[in-house]
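What follows is a single structure, written as C-alpha cells, with notes after it.
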Amino acid sequence: MNQLVTIESADRRFGWFMSAPTLALLLAVILFPVFWALFTSVHDYTLIAPDFDTFTGLQNYFSALRNSEFRHSLGLTAFFVFVVVLIEFVIGFGVALMLNSVNRFKPIYYGILLCPLLMNPVIVGLIWRMFLHPSLGIVNYLLSVVSIEPVNWLGSTNVAIWTIVMVDIWHQVSFMIVLLLAGLSALPKEPYEAARVDGASTFKAFRHITLPLMWPVIIVTLLIRLIFAGRPGDLDRPCQLFHLSEGVRQPSCR
Amino acid sequence: MNQLVTIESADRRFGWFMSAPTLALLLAVILFPVFWALFTSVHDYTLIAPDFDTFTGLQNYFSALRNSEFRHSLGLTAFFVFVVVLIEFVIGFGVALMLNSVNRFKPIYYGILLCPLLMNPVIVGLIWRMFLHPSLGIVNYLLSVVSIEPVNWLGSTNVAIWTIVMVDIWHQVSFMIVLLLAGLSALPKEPYEAARVDGASTFKAFRHITLPLMWPVIIVTLLIRLIFAGRPGDLDRPCQLFHLSEGVRQPSCR
Amino acid sequence: MASITLKNINKTYPNGVSAVHDVSLDIRDGEFMILLGPSGCGKSTTLRMIAGLESITSGDLLIGTNRVNDVDPAQRDIAIVFQNYALYPHMTVLDNLSFGLKLRGVDPTEISRRVQRTAEMLGIHPLFDRKPSQLSGGQRQRVALGRALVREPQAFLLDEPLSNLDATLRAAMRTELIKLHRSLGTTIVHVTHDQVEAMTMGERICIMKDGEIVQVGEPMDVYRNPVNTFVAGFLASPPMNLLAGHLEDAGDGAVKVLSGNIAFTIPSHLAKGFSSHAGKPVTIGLRSEDFYLSNGAAKHTVPVNVEAVTTEVLGSEVILVASTGGNAAAEIQVRMPRDFRASPGEKVALHFDLSQIQVFSTTTTRALPRI
Amino acid sequence: MASITLKNINKTYPNGVSAVHDVSLDIRDGEFMILLGPSGCGKSTTLRMIAGLESITSGDLLIGTNRVNDVDPAQRDIAIVFQNYALYPHMTVLDNLSFGLKLRGVDPTEISRRVQRTAEMLGIHPLFDRKPSQLSGGQRQRVALGRALVREPQAFLLDEPLSNLDATLRAAMRTELIKLHRSLGTTIVHVTHDQVEAMTMGERICIMKDGEIVQVGEPMDVYRNPVNTFVAGFLASPPMNLLAGHLEDAGDGAVKVLSGNIAFTIPSHLAKGFSSHAGKPVTIGLRSEDFYLSNGAAKHTVPVNVEAVTTEVLGSEVILVASTGGNAAAEIQVRMPRDFRASPGEKVALHFDLSQIQVFSTTTTRALPRI
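Residue numbers (my numbering), protein chains in the order written: chain A, 1 to 254; chain B, 255 to 508; chain C, 509 to 879; chain D, 880 to 1250.
Structure below.
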C-alpha cells in the first residue's frame, strides 16, 4: 500500500492539471492525421475538390479489392509477411535459447547481432546483389564448388520472392533474437533448479516452464514483427528490394 | 554466489559444445556481408571485374568526399539528424516526465503514442502532403484564419528541410517518449521521498536525482535514435520524403 | 525538539480503503515512542502522515503547537529513516549525508563539520567515497541514520529501520539507537513489528491493529496489563498462552476459572472485578514465564498438571510445549530452566503464579478489570 | 530413507574462489542435521552439492552407499525446499504439487492420492486453484514443502526455508517441521543462519565458517562446549560474553583468571587443563544466563561486581548491559529475572557460576581443554 501511494494525492492532482493541456494538445496533434487518413478513406476525396459531401462508405476499399493487381500485391505481401516472420521466429528463438546459456562475452554477441540491423539497407541491397549475381556472385560460385547448377536468384519470379525472404531474414532476424533473448534472460532461474530436482529433462523444462513463461514475450515479439513486416515501404524493404533487383519493382517506390 | 552459478558447470560446458558450431555459423553468416562491405570499400571493385589485386585504401572514401554533391548530402544529413534528434529528445523527455506522473490509463497513452510509429510511411507522406498543400492544405488554411501568409511548405528548399524535420518528429517522437518513459518508470521511488523530506523542490529532485539516474537510458536512447535517423533510406524517411515532395528528391530512391 | 500530536487522524485512500481510523496520540517532546503492530495495521501510514509523505484525510497533526496538515515535508523539520534506507544510489556516502544540508543552503564549512561529527559518531567516515551499492546492509543502515542525524531535526521518524539487518547487527543497533536517543534527547517515533524492539527501545508503546490504536502505554504496563487478547498474544515470544474456559462464582467474591483440566480458584483480593463475569465464557491468559517447577517460587501458586508434547532446548532456557489435557485440550508453551528435560508424553507438575493470570471476555476479547 | 556421507568435499569455482574446503560429514539415516553458519560460509553451497545443483570439485558424496558425484539431481531421489520457494509461477498449486510426480510417470490416481494427502497434512488443499502470486508467504512456504513431500524422497534438503517468514509463522513452522520429521523419519538436512532454529530443530548441528566445518555435535553439546570463540559467539542471543584476560598459576593445579576487575580463582578440579596455559593471554567466555543475584543459586559461584550501563526489559526477562570496569573496561550482557531493575551507573553485585566458565586461547581462539 505504501508503494502504491508515493506522492501526496493533492500534489498529484496539481501536476495533472498542469500537464493535462499539453498532453491533450500532443495527443490531438498525434491523432489528427491518423483519424484524417481513416476519414478520407471513406469519402470521395481529391486535393482538387476537397469537400466531403460525398460519403462513399467502404467504396474505396472495395474498388481497391476489385483491382487484380492490388489483390496480387496483397496476397504477395501477406505471404511474404507470414513466411518471413515464421522463419525468423523459429531461427530467432533457437539462437536466443543458445545464447541464453552463454554467460560470457554476451555484449560481444549482442554487438554482432546488431550489425545487420544497423547497416544501411541500400548497402544491404547492393551487397546481396553482388553475392547473388547469376554468373559473378559468390553464392553461385560456392554452389558450383559442390556441383550445384547456378540459380538465377533475382531474375526468376518464383525464386526472387524467396531470395527477398532470405535477405529480409538475414537483415531482421537479429531483432527477433534480441527481443526473445531479453525475455529469456528475464525469466526466473529458480524454477529451473526446482524442475531439475523434480526430474525434468532439458526438453521438458523448455516445454513446461520456458514456453508458458515466455508466452507474453513471444506474442509481443510476433506482433511487433508482423506490424513492421506488414508495413510496405517501412524499415528498409522497399529500397532494399529496389536495389536488389530491377526485375521485382516495388510499387511504393515507383 | 548461489545466484551466479545456477547450472552445473559440466552441463554448461556440454551445452556450449552443442551450440558452438551453430552459433559460429550464424555469426559468420551475419558478419560476412558486413565485412565484405568494408572490404570492397577499400578495393577497386566492380561486378564486371571482381578481383582484389588493386587495393586502393581509403581512395573510394576520398573520391566520395571530393564530390561536392556528396558533401552537400552529407552535410544535410548530419544537420537533419542532429536537429531531429535534439528536438525529439527535448519534446520526448518533457512528455515522458509528464506521462510518468500519470498513474491511470497508461496503456491508452502508450497506444496513442504508438499510432504514428505503426502508420505506413507512404500514408504519412501522402497525408502530410495533403495537409501542407500550398493552396488547398489545412495547415495554410489554419494560418490564414489567424492572418498569416501561406507558406510554401514543400516547394521552397529553405522551408522544405524544416517541413521534413517536423514530419519526421511527428512520426518518430513517440519512439523517444516510449523509451524514456520506460526508463523513468524503472527509477526507484524511494530516493524521491527521501529528497522530499530532505527539502528538495521538484526541480532540484529532477536535477539531482532524475537526471543522474537517467543518464544511461538517455545515452542509449540518443544513440539508437542517432543511428536510425542517420541511416538514410531506413525506417521510412526516403519514401516518405519522396511522397511528401517531388521537389526534394531522395538520392537512395532515385 | 518538539512534541507531535495526532488528533482524530483518518486516512482514506481514493479507492475507499481506510488505512488509519480516528487515531489520536500525544507524543511528548523528547519521547521515544514505538508504533507496534502486524503488517497492514496502519503504523507505517501513520508515520508517513507525520512525515508529510501521505496526505491526511481528516483530523489535525501538530508538530509543537503548529498544525502542519498542509505543510510541505521539507518545512516540517523532521527526518525519516526508511525501511529500505532510500539512499541516493548515484551519490557517494559523503554526498548522501550532505545533500539535505546543501539543499537548505547551509554554509559549506558547517556542512563539513556536521557530516564529519555524525560520521565519526556512527563510524562511517572511512566509507565517504563509496556508493550505496558498495556498502553492506549494516553500513547502509548507518548512512541512512547519519543522513537523518546531520539534519538535526525536531524529530526522527524511523520506519522499521532494523528489519533488514541480521540478528546480531539488529541487537547492536538497538542498543546504539537507545544510547543515541539518550544523548540527543530528540523526539523519536519508531515503527516496528518486532516486540523485542518495542519492549526494549520505547519509553511508550502504541499498539495498532486494523488502522486503530489498541493500547498505548509504557512497555511493562502494556506487557502486564494487555487490554485485550490481541495485545496479549502479540507482545511476547513465545506469546501468552490463551485458553478457552469459563468463570464460576466460588462465593465470598472468589471465582473459579475452568479450562479443560485446569481449575484455579482465584481468591477475592485478586478477583474483585472478575466475579461480575461469573458464568460467562472467558479466555484465560497465562504467560509462559509464570510457570514454576516448585510451588514455593512465588506467592499464590496453584498446581497445573500437564503432559509434555515436546521440548525446545534453546541452550539458555527450555521451552516446554505441553498439553493441558481434558476435553478442551490445548497446547501451552512454558519457559523452563535450561537443565529441564521431558520426554514426549511425560507428566509434568507445574505451578502457576496466580497473581499473573489474565482473564479476557471471550465475546469482546477485552481484559476483565481486576478490581 | 538414506544416509548422506560427505568425504573431503571441495568446491572451487572456475574463478579460483574456494567456497567449500575439505568438508567431511556423516549424516545418519533419518537424522535431522543442521548446517549453521553466517552468510557466505559455504553451507548453501554444500547443500546444493548434495542436491546435485552444483558440481563437486573433489571428494566423494555418498547417498546411502552409492557415490553420486556424477548422478543427475533427478536420479538422486532427494527433494529440496528453496529459500525463495522456487514455485513454478505459471502453474496452480495443484500443478506445482503434482508436476514432479507427472514427470516421473506416476499413475494419475496415485498422484491425486498423494497430493491430496500431503495437501491436507499441510492445510493447503483449499488453495489448489491459486497461482503462487496469489499466495501469502506462509502459504508459498507450505506449497514448496508440499512439493517436496509428495515426492516421498530419500532425503529432504531445506535451504533456509523459514527465513522469509515473520516471527510468529516461523516459530509455528519450526514446530511443524520437527513434528513432520518425527512422523516421517526421513533424513533432513536443514541450512540456516538462525541459532534458535539450529538449537531447537536439529538432532545435530554442523557449524561452518569460511567454507570449513568448525564443529559438529548435538545442540547442547555444542552450546556447552564450543570449540572456539566463533562458535561461542554465534550460538546464543545475547551471545556469550567474551573478555580479554590472562591466566595465572594459583598453585595446587588451580588457576587465576584475570580480566579488568574480574579475578576468579578456578579450583583444580575444574581447571586441570587450564593450568598448562598459565601466564598466557586468554579470552574468557561467560554466558549471559550463568550470572545470579544471590550466591547460593549454584555451586562454585564467585562474585562479580559490575556497573549497570543500561537494562533492556523484555517483559519475561531483563537483559542487563553492564561494564566490568577496570582498565580493560568491557561490556557484558547478563540475563536477569523479569523484575530486576537498575539505573545507569548503579553498582550490581552478581555471582557467576564458575563451573560454566569457558576459557579460550587468544592466539588460536580454540577452547582450552578442561581436563
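Ideal Cβ positions, reconstructed from N, Cα and C, are used throughout, including at glycine. Please read these numbers as outputs of a predicted model, since none were measured by experiment.
Once the 5 residues before and after alanine 930 of chain D are set aside, which same chain residues still bring their CB inside 8 Å of it? Start at 1 with the first residue of the fourth sequence, and residue 930 of chain D comes out as number 51. So the qualifying residues of the chain are Pro952, Arg955, Ile957, Ile959, Leu1036.
Against chain C, does arginine 320 of chain B count as a neighbour if the rule is that its beta carbon must be under 8 Å from one of theirs? As a working mapping, residue 320 of chain B is identified with position 66 in the second sequence. No, because no Cβ of chain C sits closer than 8 Å to the Cβ of arginine 320 of chain B.
Histidine 859 of chain C - containing beta strand (DSSP E), residue span: Residue numbering aside, residue 859 of chain C sits at position 351 when the third sequence is read from its first letter. 855 to 861 is the span of the beta strand (DSSP E), which, as asked, contains histidine 859 of chain C.
In three-state terms, what does DSSP make of histidine 1125 of chain D? For the purposes of this step, residue 1125 of chain D is taken as the residue at position 246 of the fourth sequence. Strand at histidine 1125 of chain D.
Minimum Cβ-Cβ distance from leucine 1233 of chain D to chain C less than 8 Å: Locating residue 1233 of chain D in the fourth sequence gives position 354, counting from the first residue. Answer no: the Cβ-Cβ gap between leucine 1233 of chain D and chain C never drops below 8 Å.
For the segment 451 to 481 of chain B, list every residue whose C-beta sits within 9 Å of some C-beta in chain C, in sequence order. Within the segment 451 to 481 of chain B, the residues whose Cβ lies closer than 9 Å to any Cβ of chain C are, in chain order, Val451, Asp452, Gly453, Ala454, Ser455, Lys458, His462, Ile463, Pro466, Leu467, Trp469.
Alpha carbon to alpha carbon, how far is proline 616 of chain C from leucine 184 of chain A? Give it in angstroms, no decimals. Within the first sequence, residue 184 of chain A is the residue found at index 184, counting from 1. Within the third sequence, residue 616 of chain C is the residue found at index 108, counting from 1. The straight-line gap from Cα to Cα measures roughly 49 Å.
What residue from B/Ala291, B/Thr308, B/Phe289, B/Pro287 has the CA that sits closest to histidine 297 of chain B's CA? The residue given as residue 297 of chain B occupies position 43 in the second sequence. In terms of CA proximity to histidine 297 of chain B, B/Thr308 leads the group B/Ala291, B/Thr308, B/Phe289, B/Pro287.
Pair within 8 Å by beta-carbon distance, phenylalanine 868 of chain C and glycine 793 of chain C: Position 360 of the third sequence holds residue 868 of chain C. Position 285 of the third sequence holds residue 793 of chain C. Cβ atoms of phenylalanine 868 of chain C and glycine 793 of chain C: closer than 8 Å.
Taking any Cβ of chain B, which residues in the segment 705 to 739 of chain C have a Cβ under 7 Å from it, in chain order? Listed by position along the chain: nothing, the set is empty.
Can you name the residues of chain B whose CB is closer than 8 Å to the CB of proline 116 of chain A? In the first sequence, residue 116 of chain A corresponds to position 116, counting from 1. From the beta-carbon of proline 116 of chain A, the residues of chain B found nearer than 8 Å are Ile284, Pro287, Val288.
Contact check, leucine 532 of chain C vs leucine 561 of chain C under 8 Å by CB: the rounded distance? Here residue 532 of chain C refers to the residue found at position 24 of the third sequence. Here residue 561 of chain C refers to the residue found at position 53 of the third sequence. A small correction: the amino acid at residue 532 of chain C is serine; leucine does not occupy that position in the sequence shown. Between serine 532 of chain C and leucine 561 of chain C, the beta carbon gap of about 21 Å keeps them out of contact (Cβ cut-off 8 Å).
How many Å lie between arginine 845 of chain D and threonine 871 of chain C at the Cα? Nothing in the structure corresponds to residue 845 of chain D, since chain D is present only between 880 and 1250.
Would you mind giving the Cβ-Cβ distance between alanine 679 of chain C and proline 1117 of chain D, rounded to the nearest angstrom? I have them listed as a contact below 8 Å. To locate residue 679 of chain C, count along the third sequence from 1; it is residue 171. To locate residue 1117 of chain D, count along the fourth sequence from 1; it is residue 238. With a Cβ gap of about 7 Å, alanine 679 of chain C and proline 1117 of chain D count as contacting.
Could you round the C-beta distance between glycine 823 of chain C and alanine 1115 of chain D to whole angstroms and report it? I think they count as a contact, below 8 Å. Indexing the third sequence from 1 puts residue 823 of chain C at position 315. Indexing the fourth sequence from 1 puts residue 1115 of chain D at position 236. The pair is a contact, with the Cβ atoms about 5 Å apart (cut-off 8 Å).
What are the boundary residues of the beta strand (DSSP E) that glutamate 820 of chain C is part of? One-based indexing of the third sequence puts residue 820 of chain C at position 312. It spans 809 to 821 - the beta strand (DSSP E) in which glutamate 820 of chain C sits, taken as one unbroken run.
Check each residue of the segment 929 to 948 of chain D: if its Cβ is closer than 9 Å to any Cβ of chain A, include it; give the result in chain order. Listed by position, the residues of the segment 929 to 948 of chain D near chain A (Cβ gap below 9 Å) are Ala930, Gly931, Leu932.
Going by alpha carbons, who is nearest to valine 405 of chain B out of B/Ile415, B/Val399, B/Val393? As a working mapping, residue 405 of chain B is identified with position 151 in the second sequence. Valine 405 of chain B has its Cα closest to that of B/Val393, out of B/Ile415, B/Val399, B/Val393.
Taking the alpha-carbon positions, what's the glutamine 864 of chain C to glutamate 1191 of chain D distance? Here residue 864 of chain C refers to the residue found at position 356 of the third sequence. Here residue 1191 of chain D refers to the residue found at position 312 of the fourth sequence. Using only the alpha carbons, I get a separation of about 21 Å.
Contacts around phenylalanine 324 of chain B, its chain only, beta-carbon distance under 6 Å, and the 5 residues preceding and following it disregarded: Walking along the second sequence from the start, residue 324 of chain B turns up at place 70. Around phenylalanine 324 of chain B: Ala318.
Would you call the segment 904 to 914 of chain D in contact with the segment 843 to 862 of chain C, where contact means no fewer than 3 C-beta pairs closer than 8 Å? Contact between the segment 904 to 914 of chain D and the segment 843 to 862 of chain C is absent: fewer than 3 CB-CB pairs across the two stretches fall below 8 Å.
Cβ-Cβ distance between isoleucine 161 of chain A and phenylalanine 80 of chain A below 8 Å: On the first sequence, position 161 is the one that residue 161 of chain A refers to. On the first sequence, position 80 is the one that residue 80 of chain A refers to. Result yes, Cβ atoms of isoleucine 161 of chain A and phenylalanine 80 of chain A sit closer than 8 Å.
Determine the chain C residues that contact proline 445 of chain B at a beta-carbon separation under 8 Å, and present them in chain order. In the second sequence, counting from the first residue as 1, residue 445 of chain B sits at position 191. Neighbours of proline 445 of chain B across chain C, judged by C-beta separation under 8 Å: Ala594, Leu595, Tyr596, Pro597.
Here's the rule I'm using: 16 or more other beta-carbon atoms within 10 Å means buried, otherwise exposed. How should aspartate 847 of chain C be labelled? Here residue 847 of chain C refers to the residue found at position 339 when the third sequence is read from its first residue. That one is exposed.
Identify each residue in the segment 602 to 627 of chain C for which the Cβ-Cβ distance to at least one residue of chain B is less than 8 Å, and report them in chain order. Residues of the segment 602 to 627 of chain C with a C-beta atom less than 8 Å from some C-beta of chain B are Phe607, Gly608, Leu611, Arg612, listed in chain order.
Would you say lysine 809 of chain C reaches chain D, if we count a Cβ-Cβ gap shorter than 8 Å as a contact? Looking up residue 809 of chain C in the third sequence gives position 301. The sequence given here places threonine at residue 809 of chain C; lysine does not occur at that position. Residue contact with chain D for threonine 809 of chain C: absent (no Cβ-Cβ distance below 8 Å to any residue of chain D).
Using the Cα positions of glutamine 1094 of chain D and arginine 622 of chain C, report the straight-line distance between them to the nearest angstrom. As a first step, residue 1094 of chain D is located in the fourth sequence; it is residue number 215 there, counting from the start. As a first step, residue 622 of chain C is located in the third sequence; it is residue number 114 there, counting from the start. One C-alpha to the other measures close to 47 Å.
May I ask which residues mark the beginning and end of the beta strand (DSSP E) holding arginine 958 of chain D? By 1-based counting over the fourth sequence, the position of residue 958 of chain D is 79. Looking at the sequence itself, residue 958 of chain D is alanine, so the reference to arginine does not match. Membership of alanine 958 of chain D in the beta strand (DSSP E) is indicated by the continuous run 957 to 960.
For tyrosine 229 of chain B, which residues of its own chain have a beta-carbon under 8 Å away from its beta-carbon, when the five flanking residues on both sides are left out? Outside the modelled stretch of chain B, which goes from 255 to 508, sits residue 229 of chain B, for which no answer is possible.
Of all Cβ atoms in chain A, is any one closer than 8 Å to the Cβ of alanine 1115 of chain D? Looking up residue 1115 of chain D in the fourth sequence gives position 236. Closer than 8 Å: no.
So which residues on chain A does proline 893 of chain D lean against when the C-beta distance must stay under 7 Å? Reading the fourth sequence from its first residue, position 14 is the one you call residue 893 of chain D. Correct list: empty, because the minimum Cβ distance to chain A is about 10 Å.
Just the C-alpha distance for asparagine 736 of chain C and alanine 752 of chain C, rounded to the nearest angstrom, thanks. Stepping through the third sequence from its first residue, residue 736 of chain C is reached at position 228. Stepping through the third sequence from its first residue, residue 752 of chain C is reached at position 244. Taking the straight line joining both Cα atoms gives about 14 Å.
Excluding the five sequence neighbours on either side, which residues of its own chain have a C-beta within less than 8 Å of the C-beta of cysteine 549 of chain C, listed in chain order? Sequence index remark: in the third sequence, residue 549 of chain C carries index 41 (1-based). Taken in chain order, the residues that qualify are Met716, Lys717, Asp718, Gly719.
Closer than 8 Å, Cβ to Cβ, to anything on chain D: give me those residues from the segment 821 to 854 of chain C, in chain order. So the list reads Val821, Leu822, Gly823, Ser824, Glu825, Ile827, Val829, Arg843, Arg846, given in the order they occur along the chain.
Euclidean distance between Cα positions of threonine 147 of chain A and leucine 480 of chain B: Taking the first residue of the first sequence as 1, we reach residue 147 of chain A at position 147. Taking the first residue of the second sequence as 1, we reach residue 480 of chain B at position 226. Residue identity differs from the one stated: residue 147 of chain A is serine in this sequence, not threonine. Approximately 46 Å, taken between the alpha carbons.
Select from C/Ala857, C/Ala527, C/Val614 the residue whose C-alpha is nearest the C-alpha of asparagine 769 of chain C. Taking the third sequence and counting its residues from 1, the one referred to as residue 769 of chain C is at position 261. Ranking C/Ala857, C/Ala527, C/Val614 by CA distance to the CA of asparagine 769 of chain C puts C/Ala857 first.
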